[in-house]
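One line per chain: the protein sequences are A and B, in this order.
Note that this note's numbering has the first sequence beginning at 1, numbered continuously upward.
Note that this note's numbering has the second sequence beginning at 1001, numbered continuously upward.
Note that beta-carbon positions come from the ideal geometry of N, C-alpha and C, so glycine has one too.
Predicted model only: the values in this text are computed from it and were never measured.
Written out below as structure tokens is the structure these notes cover.
Protein chains: 2
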Amino acid sequence: MTERLVVIGGDAAGMSAASQARRRRSSDDLIIDVFEMTQRVSYSACGEPYYISGDVPNLEQLIARTPAQFSQQGISVHLGNTVTEIDTDSRTITVLNGRESRVVPFDQLVYATGARPVRPPIEGIDLTGVFHLKTLDDAEAIKAAAAHAKNAVVVGGGYIGLEMAEAFHVRGITTTLVTSGAVVMNRSIDEDLGAIVTAGMRERGIAVRPGHRVNCLADEQGHVRGIQLDGGVLEADIVILALGTRPVSELAAEAGIRIGPTGAVAVDNRQRTSVEGIWSAGDCAEALHRITGRPANVHLGTVANKQGRVAGINIGGDDATFPGILGTAITKVLDIEIARTGLSQAEADSAGIEAVTAITESTTMAGYWPESTNMTLKVTAERRTGRLLGAQIVGGRSAGKRIDTFATGIWNEMDGLAFSMMDLSYAPPFSGTWDPVLIAARRAYERAM
Amino acid sequence: MTERLVVIGGDAAGMSAASQARRRRSSDDLIIDVFEMTQRVSYSACGEPYYISGDVPNLEQLIARTPAQFSQQGISVHLGNTVTEIDTDSRTITVLNGRESRVVPFDQLVYATGARPVRPPIEGIDLTGVFHLKTLDDAEAIKAAAAHAKNAVVVGGGYIGLEMAEAFHVRGITTTLVTSGAVVMNRSIDEDLGAIVTAGMRERGIAVRPGHRVNCLADEQGHVRGIQLDGGVLEADIVILALGTRPVSELAAEAGIRIGPTGAVAVDNRQRTSVEGIWSAGDCAEALHRITGRPANVHLGTVANKQGRVAGINIGGDDATFPGILGTAITKVLDIEIARTGLSQAEADSAGIEAVTAITESTTMAGYWPESTNMTLKVTAERRTGRLLGAQIVGGRSAGKRIDTFATGIWNEMDGLAFSMMDLSYAPPFSGTWDPVLIAARRAYERAM
């Protein structure tokens, strides 16, 4: 008997699930319908700041696959369709398309609604010239507005905040980043490393105003004129609010699907929710953190793709498990690279793991190599065992991707001493004889023991 | 009672051993004498091609520490002192300094004589204008000769060969690399990847003449005029012979210290030789290959530093073990990065391990990122288990250091599927959503199962 798979949400997680299920089950066996509330599926949200900056000239470059391509694969994509209800008893969803509402039955369902930007109660948030960055439509609108902008304010010191500050700066717009934290990136890396990034941004011409919570935007005839700070109005003709994202889990909650402690949909390691035949993956779903052993909720394309793949393989009749996350992430602002994996000292503390942290100042390449730049590594290890728990890196070109070596070592539960003796690559254009990751891991180990 | 530690050879392995021993034992407890036959210690041989190219302007930049600095640490360095004999019965060495010979007693001895370039029976090898690259003196002589050179021939397609070809090319010298292999780098990476490097070098203006074994150099009044090939003389006013290096183990062999199957000094995982109180480390010593389980002999600063450190810690009274190698290495020729770790298909075959190999064509960054370049990854996995055995990478900027992620996974005996689901970093300026190493590992796994 033919089954129907309904996928709610057509981005990384949803489309990965659909594709993997399709590979394993033919259209005779499994009908696949994807309902996507926007007008596009399968795009790189992470690439949007670089479209706005001009690094990526065409929006189409950010689109991995079109609905037509999915259609050829036997996956029906329904754009502009918002799912308003999931009925787990009748096993149907209600879909709204414009003003028309219809009921669609399902046998299997993938809940992949993603995340949405936080919209705090800021006065003036709906003025023209004020944007969130989420969809490709957002990116287009921001790019159009940026073409005429002279002063930009980016509110928020996280990944999107930094990337948008870079984008405006690259376009020649006078740019200020305003953050409530003492430094930028303070939810991802420790304050000492965040201070290095903050100073680096200022040196490169991006103003940073830390310690400011924005409550009010100034307006001029309906258009934003700036943001209200204690000392007066910081002028801006374009304002980006990059205050984080939250999982879109309400629809699942209303349907009685269990929501976990993070506010995202609870799933097991096969991406099954609490309701038989309903799966969830991506930003809206939880993921097991391998070190804390607790559910986490991160909003990253890497995790969304992997979880979607796992769901799709299982729906397809094969067996896959999602092994959990370390919270690995990377970004850059101009030529400053920032990366992290695992737990910081503070995160270890709050997880109840006794930890120590060591900082290592080094260089990205051999010290005498002309393109070598400073690099700071911070490694967290468990007290008494020396087991690696986390790492943070800030540095110039080629610093950031070293986080993957740490992530692989942490994934395998290596201690810092064992890690430090691994056979990693060396040549002067690439590192010192002891790659700095080895030295940094050893220092954390020595401090832990 | 005060002991005396004698170190033969003052480069990476020897000086690491001396330093680590000194940290743990005071001068009252341990006298340390280092005998070095050249006029310098503790320098970066790997940096020499970049001194010749001009990337590194001053020779001093390649010197990590001077004899004076070691002296302050309580380590006596004796330059220009060649050890001619080790007597394990009387526990003495004989040292030649110019014409003077003396006998020095030891309690502990570190044999760290390194490696020397292969000098095959080529007619004309002693002509002026013909060089090997090993010491800083060699580097100075080559740089001086290169200042007037118009045509350079580099014989040998390995690491030094490529780096020297780059150095001459960067200096504006018309450069030809001649190798006996079908492609360059054929002892480190497979022929298909070597072909990519070979083609890339040619595109960038370095001539490559594969399949030529050089037997004879042409001369003009005692100076090299070129190399004799089948089709005539290939003109050159400077010729580098980069035909590999061999461990300097004769002195140890004559002393009755056991030599292993590789021709290098046999050591255990504490760097002990077959003779009590005599240790060996670096290019002259063997190292356990973690995958084959057999002794190997690689000539790399990474291994020399680590083994020297282990020997020194043990001599110092603490306990350290050297965990073995994977044969991880990296280099570049112009903007082409080349890296490898573990076993290739051919190496697995000769080690008696049933293996499969998968090639993945990808890009260094997100496909739409303007600086993204092609990258080819080749991954070897054990048949039936899917365990990762090795990886090779050729690509543009930021391709090469990804080998460390593979090395860390292989070190931990991961299979390709587990590896592919790891939480690695992603942002468009750094990789695709699935870092290519993940995809490459999965493909190898799928082929293996």
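Open item on the list: Counting C-beta neighbours from all protein chains within 10 Å, is the total for Ser26 (chain A) 16 or more, i.e. buried, or is it exposed?
Closed with: As a first step, residue 26 (chain A) is located in the first sequence; it is residue number 26 there, counting from the start. Flag for Ser26 (chain A) reads exposed.
Task: Assigned secondary structure, Ile393 (chain A) (DSSP; H/G/I helix, E/B strand, else coil) - done: In the first sequence, the residue the question calls residue 393 (chain A) occupies position 393. Here Ile393 (chain A) sits in strand by DSSP.
TODO: With distances taken Cα to Cα, identify the nearest neighbour of Thr1176 (chain B) among B:Asp1190, B:Met1185, B:Ala1182, B:Gly1161.
DONE: To locate residue 1176 (chain B), count along the second sequence from 1; it is residue 176. Looking at the Cα atoms, B:Gly1161 is the closest of the given residues.
TODO: Leaving aside the five residues before and after Ile439 (chain A) along the sequence, list all residues of the same chain whose C-beta is less than 6 Å from its C-beta, in chain order.
DONE: Residue numbering aside, residue 439 (chain A) sits at position 439 when the first sequence is read from its first letter. Taken in chain order, the residues that qualify are Thr360.
- [ ] Answer yes or no: does any C-beta atom of chain A fall closer than 8 Å to that of Gln1020 (chain B)?
- [x] Taking the second sequence and counting its residues from 1, one reaches residue 1020 (chain B) at position 20. Not one chain A Cβ lies under 8 Å of Gln1020 (chain B).
Task: Same chain, Cβ closer than 7 Å to Gly1010 (chain B), five either side skipped, listed in chain order - done: Locating residue 1010 (chain B) in the second sequence gives position 10, counting from the first residue. Val1034, Glu1036, Val1041, Ser1042, Val1077.
Open item on the list: Going by the DSSP bridge assignment, what does Thr357 (chain A) pair with across the sheet?
Closed with: Within the first sequence, the letter at position 357 stands for residue 357 (chain A). Answer by DSSP bridge pairing, in chain order: A:Thr380.
- [ ] Measuring alpha carbon to alpha carbon, tell me which of A:Pro210, A:Val130, A:Ser53, A:Ser362 ends up nearest Ser398 (chain A).
- [x] Taking the first residue of the first sequence as 1, we reach residue 398 (chain A) at position 398. That would be A:Ser362, whose Cα lies nearest to the Cα of Ser398 (chain A).
- [ ] Let me know if Ala1199 (chain B) comes out buried or exposed under the rule of 16 or more other beta-carbons within 10 Å of its beta-carbon.
- [x] What you label residue 1199 (chain B) is simply residue 199 of the second sequence in a count that begins at 1. Exposed is the call here.
- [ ] Flag this pair as yes or no: are the beta carbons of Val1110 (chain B) and Ala1017 (chain B) separated by less than 8 Å?
- [x] As a first step, residue 1110 (chain B) must be located in the second sequence, where it is residue number 110. As a first step, residue 1017 (chain B) must be located in the second sequence, where it is residue number 17. Yes, the pair counts as a contact, with Cβ atoms nearer than the cut-off.
- [ ] Quick one: which residues of the stretch 24 to 46 of chain A get their C-beta closer than 8 Å to a C-beta of chain B? List them in chain order.
- [x] Ser44, Cys46
Open item on the list: For chain B, check one thing: does any of its Cβ atoms lie closer than 8 Å to the Cβ of Asp423 (chain A)?
Closed with: Taking the first residue of the first sequence as position 1, residue 423 (chain A) is located at position 423. Asp423 (chain A) counts as touching chain B.
Task: Identity of the residue in A:Arg290, A:Ile93, A:Ala348, A:Ile257 nearest Met1421 (chain B) by Cα - done: Your numbering for residue 1421 (chain B) matches position 421 in the second sequence. The option with the nearest alpha carbon to Met1421 (chain B) is A:Arg290.
Task: Below-8 Å beta-carbon distance, Ile330 (chain A) vs any chain B residue - done: Counting from 1 along the first sequence, the entry for residue 330 (chain A) is found at position 330. It does; some Cβ of chain B falls within 8 Å.
- [ ] Find the residues of chain A that neighbour Ala1441 (chain B), judging by a C-beta separation of less than 7 Å, and give them in chain order.
- [x] For the purposes of this step, residue 1441 (chain B) is identified with residue 441 of the second sequence, where counting begins at 1. None at all; the shortest Cβ gap to chain A is about 11 Å.
Task: Pick from B:Val1208, B:Leu1234, B:Gly1124 that is closest to Gly1222 (chain B), judged by C-alpha positions - done: Position 222 of the second sequence, counted from the start, is the residue given in the question as residue 1222 (chain B). Checking every option, the nearest Cα to that of Gly1222 (chain B) belongs to B:Gly1124.
Task: Short-range partners of chain B found in the stretch 306 to 318 of chain A, where Cβ spacing is below 7 Å - done: Lys306
Open item on the list: DSSP three-state label for Lys332 (chain A), please.
Closed with: The count along the first sequence starts at 1 and reaches residue 332 (chain A) at position 332. Three-state DSSP puts Lys332 (chain A) in a strand.
Open item on the list: DSSP three-state label for Trp1279 (chain B), please.
Closed with: The count along the second sequence starts at 1 and reaches residue 1279 (chain B) at position 279. Three-state result, Trp1279 (chain B): strand.
- [ ] Would you kindly report the start and end of the unbroken beta strand (DSSP E) that includes Tyr111 (chain A)?
- [x] By one-based count along the first sequence, residue 111 (chain A) stands at place 111. 108 to 111 is the extent of the beta strand (DSSP E) around Tyr111 (chain A).
Open item on the list: The beta strand (DSSP E) that contains His1223 (chain B), what's its start and end?
Closed with: By 1-based counting over the second sequence, the position of residue 1223 (chain B) is 223. Counting along the chain, the beta strand (DSSP E) containing His1223 (chain B) begins and ends at 1223 to 1229.
Task: Neighbour list for Gly1301 (chain B) in chain A, Cβ cutoff strictly below 8 Å - done: Working through the second sequence from its first residue, we reach residue 1301 (chain B) at position 301. Simply Tyr426, Thr433.
TODO: Within the same chain, show all residues whose beta-carbon is closer than 8 Å to that of Glu1250 (chain B), passing over the 5 residues directly before and after it, in chain order.
DONE: Here the question's residue 1250 (chain B) lines up with position 250 in the second sequence. Excluding sequence neighbours, Glu1250 (chain B) sits near nothing in its chain.
TODO: Compute the Euclidean distance between the alpha carbons of Val155 (chain A) and Gly244 (chain A), then round it to the nearest angstrom.
DONE: Position 155 of the first sequence, counting from 1, holds the residue named residue 155 (chain A). Position 244 of the first sequence, counting from 1, holds the residue named residue 244 (chain A). Their Cα atoms are separated by approximately 10 Å.
Task: Contact list for Phe430 (chain A) against chain B, beta-carbon separation under 7 Å - done: For the purposes of this step, residue 430 (chain A) is taken as residue 430 along the first sequence, with counting starting at 1. Near Phe430 (chain A) (Cβ distances below 7 Å), the residues of chain B are Ile1330, Gly1400, Lys1401.
TODO: With 9 Å as the C-beta to C-beta threshold (strictly closer), list the residues of the stretch 1122 to 1140 of chain B near chain A in chain order.
DONE: none
Open item on the list: For Ala236 (chain A), which residues in the same chain have their Cβ closer than 7 Å to its Cβ, ignoring the five residues on either side in sequence?
Closed with: Working through the first sequence from its first residue, we reach residue 236 (chain A) at position 236. Contacts found: Asn151, Ala152, Val153, Val224, Gly226, Ile227.
Open item on the list: Whole angstroms are fine: how far does the CA of Asp1055 (chain B) sit from the CA of Gly1172 (chain B)?
Closed with: For this step, residue 1172 (chain B) is matched to residue 172 along the second sequence. For this step, residue 1055 (chain B) is matched to residue 55 along the second sequence. Rounded to the nearest angstrom, the two C-alpha atoms are 13 Å apart.
- [ ] Please report how far the alpha carbon of Val1265 (chain B) lies from the alpha carbon of Ser280 (chain A), in whole angstroms.
- [x] Taking the second sequence and counting its residues from 1, the one referred to as residue 1265 (chain B) is at position 265. Taking the first sequence and counting its residues from 1, the one referred to as residue 280 (chain A) is at position 280. About 58 Å.
- [ ] Whole angstroms is fine: what's the gap from Gly205 (chain A)'s alpha carbon to Trp369 (chain A)'s?
- [x] The residue you call residue 205 (chain A) lines up with position 205 of the first sequence. The residue you call residue 369 (chain A) lines up with position 369 of the first sequence. One C-alpha to the other measures close to 26 Å.
TODO: Confirm, please, whether the CB-CB distance from Gly1158 (chain B) to Ile1238 (chain B) is below 8 Å.
DONE: Taking the first residue of the second sequence as 1, we reach residue 1238 (chain B) at position 238. Taking the first residue of the second sequence as 1, we reach residue 1158 (chain B) at position 158. No. Outside cutoff.
TODO: Mind checking which residues open and close the alpha helix (DSSP H) that includes Arg1443 (chain B)?
DONE: The residue you call residue 1443 (chain B) lines up with position 443 of the second sequence. From DSSP, the alpha helix (DSSP H) with Arg1443 (chain B) extends over 1436 to 1448.
Open item on the list: Just to confirm the assignment, what range does the alpha helix (DSSP H) spanning Gly312 (chain A) have?
Closed with: Mapped onto the first sequence, residue 312 (chain A) falls at position 312. It spans 301 to 315 - the alpha helix (DSSP H) in which Gly312 (chain A) sits, taken as one unbroken run.
TODO: For chain B, find out if any of its Cβ atoms is closer than 8 Å to the Cβ of Asp404 (chain A); answer yes or no.
DONE: Your numbering for residue 404 (chain A) matches position 404 in the first sequence. Yes, Asp404 (chain A) counts as interfacial toward chain B.
Open item on the list: For Ile189 (chain A) and Gln392 (chain A), which I take to be in contact (beta-carbon distance under 8 Å), what is that distance rounded to the nearest angstrom?
Closed with: As a working mapping, residue 189 (chain A) is identified with position 189 in the first sequence. As a working mapping, residue 392 (chain A) is identified with position 392 in the first sequence. With 8 Å as the limit, Ile189 (chain A) and Gln392 (chain A) qualify as a contact, their Cβ atoms being about 5 Å apart.
- [ ] Report the neighbours of Gly409 (chain A) on chain B: residues whose CB is nearer than 9 Å to its CB, in chain order.
- [x] In the first sequence, counting from the first residue as 1, residue 409 (chain A) sits at position 409. Per Cβ cutoff of 9 Å: Thr1408, Trp1411, Asn1412.
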